[in-house]
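This report concerns only the one structure given below.
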Amino acid sequence: MLVYDKRKLMETDQDRIINDVTSGDYKYGFYTDIETEKIPRGLNEDTVRLISEKKEEPEWLLEFRLKSFRQWQNMKMPSWANLKIPEIDYQDIIYYAAPRQKPRVNSLDDIDPELKRTFDRLGIPLEEQKHLSGVAVDAVMDSVSVKTTFRETLAEMGIIFCSFSEAVREFPELVRRYMGSVVPYTDNFFAALNSAVFSDGSFCYVPKGIRCPMELSTYFRINSANTGQFERTLLVADEESYVSYLEGCTAPMRDENQLHAAVVEIIAEKNAEVKYSTVQNWYPGDKDGNGGIFNFVTKRGLCRGEGSKISWTQVETGSAITWKYPSCILRGDNSTGEFYSVAVTNNHQQADTGTKMIHIGRNTKSTIVSKGISAGYGQNSYRGLVKVLKNAKDARNFSQCDSLLLGDKCGAHTFPYLEVDNQSAIVEHEATTSKIGEDQIFYCNQRGISTEDAIGLIVNGYAREVINKLPMEFAVEAQKLLQISLEGSVG
Amino acid sequence: MLVIKNLHAAIEGKKILRGISLEVKPGEIHAIMGPNGSGKSTLAAVLAGRDLAEVTEGSVTYFGRNLLEMAPEDRSREGIFLGFQYPIEIPGVSMVNFLKTAVNEHRKYKGLEPLSASDFLRIMREKKELVDIDSKLANRSVNEGFSGGEKKKNEIFQMAMLEPKLAILDETDSGLDIDALRVVANGVNKLKRPDNSAIVITHYQRLLDYIVPDVVHVLYDGRIVKSAGKELALELEEKGYDWIKKEVDNQN
Ligand SMILES: Nc1ncnc2c1ncn2[C@@H]1O[C@H](COP(=O)(O)OP(=O)(O)O)[C@@H](O)[C@H]1O
Ligand SMILES: [Mg+2]
């Protein structure tokens, strides 16, 4: 649940984090019974054409999809990650599912009340007056965007924030110029798949010199069974602009695995700054490892302009399997890339996540802070590449990779890769592995704090450096999530 | 309030406590002295509910209830406070957050509403002054990077925040210079109320100059071998423990 009321938050944030947690169950596992339009299972060129047709897309986009599809057919699923991935039958997935409603929603009254209720239940009110602190939300259910709030307010400043489909219709030149420029469809298996079948997602453009006055946020919800979710997000920050962007996601509890393969591209022009935060809470599967989302995501940012900055912050608590490496290409001189991550694997969850920092420009800087938390039978791998190209004079990187283990059946692994082709680079790497001490828990117990709450406190303390990077609304949410996702992991 | 009868406890099969009996009445201060390794910290741990030591025999009642059946967090909420001989560090968890959680858990147990952030901070400020703790300490992570003296003061500060009925202070004076010692002792005295009790575990008579005990016990080899008035502490300071050891060994 997202919390938007900042004033209330100041007063009671910590209390609620500690007290509000009632059960270790996945709270977002409900299913909305809503009329949904689905296409038949399976994937071939006709499927790709059908999706494009349903979305009334221009020819150039269909061509892009078809190229991607052909590329994908010649690719194999990557096997280098430290993950045990069951065979995925790509012909057994539904590639398009949409809540049936008027194709273009102009006012809130056009939205199915059941849909509205769903997002209310998730803590995402679609009514703008409910947003006290001003977070603009693009709500995406299955394959389509349901509603984007605050569009008009933002438009007055020249900021475009809308669903990807609308952007294709209304701002085709922008989409054409930037789409695929950071993550080409040839990039990898899942990026190619996404490029062929992506359904919706968010688009944002912040014009030159504008600081976006509110947090922009996309909330992704998988609802339908047997469907995959393939969204695409494209974020462009023009010169001297600033935007902070949040992404949240949940899905119903199901015994089967569901595929989520997204692509996120960020472009930061000269002196622009983009903060991209994710609280990933897809359904993780049950205690025995049945069901859960396969989360295979390609996220990459290009610091194209001089002095630009892209900062990724992620709190990954959900999904059965996570394969995700939000990266920065530091092309502009003096550009900066950051990656702050907390990844939790409990029960039978697996995560192979990290980042790539590619230093191309001179005087580029990158920071990596990764905090892995493993519990139950969870397997948590950090995989990170720091690459300094020949002309990247005076590049600097600092990496810190910490692992925290709860129990003795889980695992933590780190795979740091380093490729330095310029001798002026300064690259530092630190790594630690620790366990929550019995003595720490007892110390908390002795002050009246239960063991579950003690673990919540200790884990949040461990992850604080990353949590602190999140916008306030998400920080509170993330702390609760961390605690909930680790409940039942000791004792 | 606390009645310990013939308490035996073992750590990893090794007998550490061998029949301890002790009664603490409301308002009393008991000092427990004794050579290193005699079982003082183990006794404190058993009372606080650390499962490291296994109770093999005997009973402990606290306000008429079987203490040994209570979860450690409930013992705390029922008013038992242990000042640790070696306070634990919890990186990344601020003292404010830690204490606020603790205080509100105590309140919840009593059926009270959680304190608002502003009320909590006000109380914290008051108590900080009481124990003369550096303001900055409260913004740092629990015990992380604290000096030995700061850690001990911090224990007293936490005690002040939680207002226990029975405080067990395990060598809170060890490693303190005389100024810090005075601060700690003053804190304890200021917090003392007529119906609250304390068990003060110490090596040194000097703390007992400030915190005057009603009874002094000597713990040796898992047993209380001598109990007397506060003058016993002086005697121990002068003569050491050897004469007691001899006395005990002669009896056996
Ligand atoms: N964690 C432990 N594991 C094994 N033995 C322990 C442990 N803690 C204490 N002991 C043993 O228990 C005995 C009593 O220790 P302790 O209660 O700490 O004594 P004191 O506090 O009086 O110095 C000692 O022999 C010590 O070695
Ligand atoms: Mg001791």
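Heads up: the sequence lines are chains Y and L, in that order. The first sequence begins at 61 in the working numbering and counts up one residue at a time. The second sequence begins at 230 in the working numbering and counts up one residue at a time. Every residue gets a Cβ at the ideal spot worked out from N, C-alpha and C, and that includes glycine.
Interface flag, residue i vs chain L, CB-CB below 8 Å
i	result
residue 524 of chain Y	yes
residue 502 of chain Y	yes
residue 517 of chain Y	yes
Contact check, residue i vs residue j, beta carbons under 8 Å
i	j	result
residue 128 of chain Y	residue 245 of chain Y	yes
residue 357 of chain Y	residue 384 of chain Y	yes
residue 516 of chain Y	residue 541 of chain Y	no
residue 240 of chain L	residue 272 of chain L	no
residue 444 of chain L	residue 473 of chain L	no
residue 410 of chain L	residue 437 of chain L	no
residue 366 of chain L	residue 324 of chain L	yes
residue 306 of chain Y	residue 262 of chain Y	no
residue 145 of chain Y	residue 501 of chain Y	no
residue 391 of chain Y	residue 414 of chain Y	no
residue 424 of chain Y	residue 451 of chain Y	no
residue 266 of chain Y	residue 298 of chain Y	yes
residue 446 of chain L	residue 260 of chain L	yes
residue 132 of chain Y	residue 249 of chain Y	yes
residue 448 of chain Y	residue 402 of chain Y	no
residue 429 of chain Y	residue 545 of chain Y	no
residue 451 of chain L	residue 244 of chain L	yes
residue 349 of chain L	residue 329 of chain L	yes
residue 308 of chain Y	residue 330 of chain Y	no
residue 441 of chain Y	residue 399 of chain Y	no
residue 251 of chain Y	residue 242 of chain Y	no
residue 370 of chain Y	residue 322 of chain Y	no
residue 426 of chain L	residue 258 of chain L	yes
Chain L residues whose Cβ lies nearer than 8 Å to that of residue i
i	result
residue 499 of chain Y	317
Environment of residue i [buried if 16+ CB atoms lie within 10 Å]
i	result
residue 407 of chain L	exposed
residue 441 of chain L	exposed
residue 486 of chain Y	exposed
residue 460 of chain L	exposed
residue 411 of chain Y	buried
residue 189 of chain Y	Below a pLDDT of 50, predicted positions are generally treated as unreliable, and residue 189 of chain Y, at 47, falls in that range; the measurement from the model is reported next regardless. Under this definition residue 189 of chain Y is an exposed residue.
residue 438 of chain Y	buried
residue 416 of chain L	buried
residue 269 of chain Y	exposed
residue 291 of chain L	buried
residue 457 of chain L	exposed
residue 386 of chain Y	buried
residue 434 of chain Y	buried
residue 300 of chain Y	buried
Residue i: contacting residues in chain Y (beta-carbon distance under 8 Å)
i	result
residue 320 of chain L	521 and 522
residue 370 of chain L	521
Interface flag, residue i vs chain Y, CB-CB below 8 Å
i	result
residue 472 of chain L	no
residue 292 of chain L	no
residue 375 of chain L	no
residue 392 of chain L	no
residue 305 of chain L	yes
residue 364 of chain L	no
Closer than 9 Å at the beta carbon, the chain L residues around residue i
i	result
residue 541 of chain Y	Chain L residues near residue 541 of chain Y: none, gap ~17 Å exceeds 9 Å.
residue 513 of chain Y	302, 330 and 334
Listed by chain order, chain Y residues near residue i by CB distance under 7 Å
i	result
residue 387 of chain L	507
residue 279 of chain L	502
residue 311 of chain L	506
Residue i: contacting residues in chain Y (beta-carbon distance under 9 Å)
i	result
residue 283 of chain L	Residues of chain Y passing the Cβ test: none, with the nearest at roughly 15 Å.
Proximal chain L residues relative to residue i, where beta-carbon distance stays under 7 Å
i	result
residue 510 of chain Y	302
Heavy atom of ligand 4 within 7 Å of residue i beta-carbon
i	result
residue 270 of chain L	Ligand 4 is absent from the structure shown, which contains only ligand 1 and ligand 2.
Original post:
So does the stretch 487-494 of chain Y actually touch the stretch 449-467 of chain Y, counting three or more Cβ pairs closer than 8 Å?
Top reply: The stretch 487-494 of chain Y and the stretch 449-467 of chain Y touch, with no fewer than 3 CB-CB distances between them shorter than 8 Å.
**OP:** Check whether the stretch 289-300 of chain L touches the stretch 341-358 of chain L, taking contact to mean three or more Cβ pairs, one atom from each stretch, closer than 8 Å.
**Re:** no
Original post:
If we count Cβ pairs, one from each stretch, closer than 8 Å, do we get three or more for the stretch 307-315 of chain L versus the stretch 250-267 of chain L?
Top reply: no
**OP:** Please determine if the stretch 247-260 of chain L and the stretch 305-312 of chain L are in contact, where contact requires at least 3 C-beta pairs separated by less than 8 Å.
**Re:** no
**OP:** Indicate whether the contact test is met: 3 or more Cβ pairs, each with one atom in the stretch 314-324 of chain Y and one in the stretch 341-359 of chain Y, closer than 8 Å.
**Re:** yes
Original post:
Taking three-plus beta-carbon pairs below 8 Å as touching, is the stretch 287-298 of chain Y in contact with the stretch 247-259 of chain Y?
Top reply: yes
**OP:** Decide yes or no for the touch test of the stretch 380-391 of chain L against the stretch 513-532 of chain Y: beta carbon pairs closer than 8 Å, at least 3 of them.
**Re:** no
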